[in-house]
Amino acid sequence: MIPLSWYLILAAALFCVGLYGVLARKNAVAILMGIELMLNAVNINLVAFWRYLTPNVPSGQMFAIIVFTVAAAEAAVGLALIISIYRRRNTVVAEEIDLMKW
Amino acid sequence: MQLDPRLVWLIPVPPLLSFFLIVLFTNRSKAFSHAVAIVSILSSLGLSLAVFFQTLTVEHFGEGETIIQHAVDWLPFGSAAVGTKPLQMGVLVDPLTAVTLFFVSIACALIFIYSVGYSNFGKPRDPHDTPGNPPHNGVEPLYSRFFAFLSLFAFGMLLLVVADNLLLLFVGWEIMGLCSYLLIGFWYARKYENPNQITPRQAAVKAFMTTRVGDVIMMLGIVYLYNLTGTLSFREILYNEEVLHMLATTPSYIVGLSAAGLIGLLLFAGAVGKSAQFPLHVWLPDAMEGPTPVSAMIHAATMVSAGVYAMIRMYPVLSAGFDGHTPTVAMNAMAFIGAFTALFAATIAVAQRDVKKVLAYSTISQLGYMIAALGIGGYIAAAFHLVTHAFFKALLFLGSGSVIHGVEHGAHHSHEKGGHADPPLLDPQDMFNMGGLAKKMPVTYWTFVIGGFALSGFPLVTAGFWSKDEILADAFAHNQIVFWTLAAAAFLTAFYTMRQICLTFLGQPRTKAAEHASESDPIFEPMKFALLVLAFFAITAGWVGIPEHFPGLGGLLPNWFHEFVGGTLLEHPETLEFNFFPLATSIVVALGGLFLGWLVYRDVPAGAADPLEAPLGPLYVALKNKYGFDEAYATLFVRPMTWLSEVVVSAWVDRGLIDGTLHLIGRTALRIGHAFRNYFDAPVVNGFGDLVGEGTKWFGRRFRVIQTGNVQQYLVVVMVIVLVVGVVLTLPGLGR
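Heads up: the sequence lines are chains A and B, in that order.
Read in order, the letters of the first sequence correspond to residues 1 to 102 in our numbering.
Read in order, the letters of the second sequence correspond to residues 103 to 838 in our numbering.
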C-alpha cells in the first residue's frame, strides 16, 4: 500500500504549483486555475487523511464535497467577474485591475 | 294665592342666560342677539311684575313674617361660639325690594328696546365704521356684544335687588362695576383731537378705579359686620332689635364711635363710590363717554341707584341708636355729604355745555338728595325719590340720546347735501350746537319736557315734585341747614333744566345740523316707544305718594307708598305733620328756577357765548372746570400713584430688586456653565472624542499605502503571514 506521506507530498507539490500560478501568472483566468489547483491539493489531503487515519468517520469526505462545491461556485463567480471586467476594460491582466486602491 | 318664593331666584337668571347665549352662540347674528336679550329681560320683567303685584295683595306686607324669602346653605362657616348658622345665600322680597324690582326691571327692559334703535339696527353696516368706534350712519359693529354686556348688567342689578344678604348684594354690586367698566369703554378705540379730552378707555378705567375705592371700604364694613354679628342676612341683622342694640352699644376701634357707626360709615363709603357722591363723584360725568342712551341711562337710573338702595336697605344699621332727635354719626355724615353733593353738583351742571354732562351732574345732585334724605331720617322720602328719579332721569337720558342721534342725523343730512357751513368735527352733544329742535323732534321734545319738569319738581303734575317735596318736608322738620342747602340745589336744578330745554329745543337752530335734525327715521321708533312709556311713569309715579294731609289733593289717593315701603322697617316711620312752609319753598324754587332759566336762555343766537359767562366771570370758569376736581385728583392721587408705580415699584422694586435677584441667579448659573464648558467639556469630553477620531485618521493615512489594489500582492502578504504563523505555531516550545 502506498504510504500516506506520498499523498501528502503529492498534495504539497500540487499546492505549490497552484500557489505559484496564483502569484506569478498575469492572466486572471490562470490565477483562477491556480486557485483550483490549490483547492484540489487540499482535497487530496482531506481524502488521504480520512482514508488512513479515520476511515470510519466520513467527515473527511464531507469536507471534500464542500470544497468541491466552493470551488465550483468560486469558478463560476470568478469567471463571470473576469468576463465582466474584460468587457469593460478590455483586459484580463491582474496587475491592471487595480481600481480598488487608496 | 301665595307665590312660591323660589320663583324669585329666577328673576335675575334670564339675563345671565342671555349673556352666555349671546357670547357663546348668537353673536354672529345681530337680530338673534337682541331677540335673546329682549326676551330675557322681558321674562325678568314679567317675573318681577308678578312678584310685585303679588306683594300688593298681601295685607301689611313686610311686617312680621309676611315676606317672600328663600335661602340655601352656602358655606359651612359660622362658629358655635357665637351661635351662628352656616352662611346662607338667598333671595328676599320685602316692600322695598318689590318697589325697586318694579322700576329696575321696567327701566332695564326699556333700555334694551331703546338700544335696538339707538344702535341703528336695520341699517347696513357703514364701511367706514370700525369696531370700538361709534358708528357713523350704519349699524353698530359690536351690536351683539353690546346686548351681551347689557344682559350681564341687568343680571347684576336684579341680583343685587333680590339679594337677602350683604354678600350677595356685594356680588351683584361688583358685577355691575365690571359691566359699567365694559360699557363706558365700549367705544374703546375712540380718540379725540383734543388730547385733554378724556377718551372712553380712560373714562372706563377712571370709573372702575374710583368706584373701587368705595368698594374696598365697603368690603371692610361688610367684614366688620360679619365679624360682630356672625351673619350677613338682612332679616337677621336689620329686623333684630337685639343685634341692632348690640351694634349700637359696642364700641368700635375708633374712640367715641359705636360699631354701628363705624360699619355705617364704611358701608356709606361704598355708596359714595357707587352713587357718585362727593368726593368720589368724578367718575360719573366721564362715564358719559359710553354709548349715550344705555351706558348713560345705566349710570343714571339703575346702577347708581344701587348705592342709594344699599343705604336704604342698611338704614336700620345706619340709624341704630337713633331716637328720632339726635342723628347717628353715619346719618350726620350722609346728611352733610348728600346735601353738599346736591348743591355742589347742581352748581357745576349750570355751566356745562354737553347735554349729557348736565344730566350726569344732575344725577349726582339728585342722588345727593336721596342720601341727604336718609341722613335726616327720611327713609320713605329717599326710597320715593329713588323710584321717581329712576323714571324721569331715564327719560331725560334716553331723550338726550335721541337728541344727539337726531343732530348727528342732521349733520349727515346737511353733509350729504354738500352743506359745509358746519365745521367737519361738529360736537353733536354740545347744546350750543342745537336749538329749535322742538319742531323737528316733537316726541323727543315733549317727553324731554316732561322729564325735565319732573326733575325740576314742577308742582302737582310731575312725579319729581312729590318726592322732592317729601324730602324737603323731612329736611325742614329735622335739619334746617340741610333744608336750605337742598332748597338752593332745587332752585339750581330747575334753572339748569330749563337752560337745557331752552338751549336744545327752543329758539332758532344754531347749526345746519340742528336745522336738519329729525326723528322720522325708522330707527327712532323703538326709542320713541321707550320715551313715551317712561314719560308716563315720570308723571304717574309720583301719585302713589301724595301726603295725606296735602291741601286739596291729600286723601284723594291714599299715601300708598308710605304705607307700603314703610312696612320694610321694624317700626313704621311716623307720618309728618303737614307744614306749608317747605311746600311753598318747593313750589317757589321750582317755578322760580324754571322761569329764570327761560328768561335767560329762551333765545340764544348762534355763536353766542353762554349768557351767564359775563355776569359770573371767574366763577363761571370754575364751574365749567368742575372746580378743578379732576386736576386736583390728578395731582394728588394719579401722579403720585404713577410716580409710585413707575419709579418705586417698577424701577426699584421690580427692575432693581426682583430683576436684580433673578439676574444674579441667572449670571451665577451662566458662570458655572462656562466653567464646566471650559474646564471639563472642552478638554476632557471633546478631547477624548477628537483623539479617537484623529488617531483613526492618522493610522489610516499611514497604512493606506499597502492598499495597492493589486490582488497578487495581497496574496503574497497573506502567504508570508501564513508562513510566519505556521512557523511560529510549529516551532517547538512556542505553539504547544
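Note that CB positions come from ideal geometry on N, CA and C, so glycine has one too.
What you are looking at is a predicted structure, and each value in this text was computed from that prediction instead of being measured.
Beta-carbon separation (whole angstroms), residue i vs residue j, contact threshold 8 Å
{"i": "B:Gly219", "j": "B:Met629", "result": "4 Å"}
{"i": "B:Gly538", "j": "B:Leu633", "result": "Contact flag wrong, Cβ pair sits at about 19 Å."}
{"i": "B:Ser142", "j": "B:Pro116", "result": "4 Å"}
{"i": "B:Thr128", "j": "B:Phe134", "result": "4 Å"}
{"i": "B:Pro839", "j": "B:Phe257", "result": "Nothing about residue 839 of chain B can be read from this structure; chain B reaches only from 103 to 838."}
{"i": "B:Gly279", "j": "B:Ala265", "result": "No, B:Gly279 and B:Ala265 are not in contact; Cβ-Cβ is about 15 Å, not under 8 Å."}
{"i": "A:Leu23", "j": "B:Gln809", "result": "Not quite, the Cβ-Cβ distance comes to about 19 Å (not below 8 Å), so this is no contact."}
{"i": "B:Ala637", "j": "B:Ile583", "result": "Going by Cβ atoms, the distance from B:Ala637 to B:Ile583 rounds to 35 Å, so no, they are not a contact pair."}
{"i": "B:Leu109", "j": "B:Arg337", "result": "With 8 Å as the limit, B:Leu109 and B:Arg337 do not qualify as a contact, their Cβ atoms being about 19 Å apart."}
Residue-level contact to chain B via CB, residue i, 8 Å cutoff
{"i": "A:Ala94", "result": "yes"}
{"i": "A:Val122", "result": "With chain A represented from 1 up to 102, any question about residue 122 of chain A goes unanswered, as that position is not in the structure."}
{"i": "A:Met100", "result": "yes"}
{"i": "A:Leu8", "result": "no"}
{"i": "A:Leu103", "result": "Because residue 103 of chain A is not part of the residues shown, which for chain A are 1 to 102, the question remains open."}
Best match in the options for proximity to residue i [C-alpha to C-alpha]
{"i": "B:Asn812", "options": "A:Leu10, A:Ile9, A:Ile31 and A:Ile2", "result": "A:Ile31"}
{"i": "B:Gln468", "options": "B:Gln454, B:Gly479, B:Ala447 and B:Ala412", "result": "B:Ala447"}
{"i": "B:Ala422", "options": "B:Ala453, B:Met472, B:Ala451 and B:Leu476", "result": "B:Leu476"}
{"i": "B:Pro237", "options": "B:His514, B:Ser377 and B:His580", "result": "B:His514"}
{"i": "B:His664", "options": "B:Gly644, B:Gly802 and B:Phe682", "result": "B:Gly644"}
{"i": "B:Gly508", "options": "B:Ile356, B:Gly479, B:Met472 and B:Ala540", "result": "B:Ala540"}
{"i": "B:Pro707", "options": "B:Pro393, B:Gly802, B:Trp800 and B:Thr606", "result": "B:Thr606"}
{"i": "B:Pro387", "options": "B:Leu685, B:Thr465 and B:Ala371", "result": "B:Thr465"}
{"i": "B:Pro197", "options": "B:Gly699, B:Leu671, B:Ala686 and B:Ile823", "result": "B:Leu671"}
{"i": "B:Val80", "options": "B:Thr613, B:Asp228 and B:Pro530", "result": "Any property of residue 80 of chain B remains undetermined from this structure, which presents chain B solely from 103 to 838."}
{"i": "B:Met416", "options": "B:Glu748, B:Gly392 and B:Leu327", "result": "B:Leu327"}
{"i": "B:Lys376", "options": "B:Gly409, B:Leu488 and B:Asp175", "result": "B:Gly409"}
{"i": "B:Glu441", "options": "B:Phe585, B:Leu244, B:Leu112 and B:Thr642", "result": "Contrary to the premise, residue 441 of chain B reads as Ala rather than Glu in this sequence. Nearest C-alpha to B:Ala441: B:Phe585."}
{"i": "A:Asn45", "options": "A:Ala13, A:Met33, A:Val29 and A:Ala73", "result": "A:Ala13"}
{"i": "B:Phe639", "options": "B:Ala492, B:Phe680, B:Tyr735 and B:Phe652", "result": "B:Ala492"}
{"i": "B:Ala403", "options": "B:Leu693, B:Ala432, B:Val431 and B:Val489", "result": "B:Val489"}
{"i": "B:Tyr341", "options": "B:Gly797, B:Ala565, B:Ile300 and B:Gly669", "result": "B:Gly669"}
Neighbour flag for residue i against chain A, beta carbons, 8 Å
{"i": "B:Gly817", "result": "Per the sequence shown, the amino acid found at residue 817 of chain B is Leu instead of Gly. Taking Cβ atoms only, chain A reaches closer than 8 Å to B:Leu817, which makes this a yes."}
{"i": "B:Leu831", "result": "no"}
{"i": "B:Arg779", "result": "no"}
CB contact flag (residue i, residue j, <8 Å)
{"i": "B:Leu254", "j": "B:Thr449", "result": "no"}
{"i": "B:Asp532", "j": "B:Arg601", "result": "no"}
{"i": "B:Asn267", "j": "B:Leu177", "result": "no"}
{"i": "B:Ser620", "j": "B:Gly503", "result": "no"}
{"i": "B:Thr331", "j": "B:Ile324", "result": "no"}
{"i": "B:Pro302", "j": "B:Gly287", "result": "yes"}
{"i": "B:Ala362", "j": "B:Ala350", "result": "yes"}
{"i": "A:Ala71", "j": "A:Glu36", "result": "yes"}
{"i": "B:Tyr471", "j": "B:Ile414", "result": "no"}
{"i": "B:Leu445", "j": "B:Leu498", "result": "no"}
{"i": "B:Ser145", "j": "B:Leu260", "result": "no"}
{"i": "A:Ala48", "j": "A:Leu8", "result": "yes"}
{"i": "A:Gly60", "j": "A:Met38", "result": "no"}
{"i": "B:Val206", "j": "B:Val263", "result": "yes"}
{"i": "B:Thr599", "j": "B:Gly699", "result": "yes"}
{"i": "B:Leu714", "j": "B:Val702", "result": "yes"}
{"i": "B:Val201", "j": "B:Ala485", "result": "yes"}
{"i": "B:Leu588", "j": "B:Val452", "result": "no"}
Any non-hydrogen atom of the ligand PLP within 7 Å of residue i CB
{"i": "B:Phe272", "result": "The ligand content of the structure shown is nil, which means the ligand PLP is not present either."}
Under 8 Å (Cβ pairs) to chain A, residues found in the stretch 798-814 of chain B: Arg806, Val807, Gln809, Thr810, Gly811, Asn812, Val813 and Gln814
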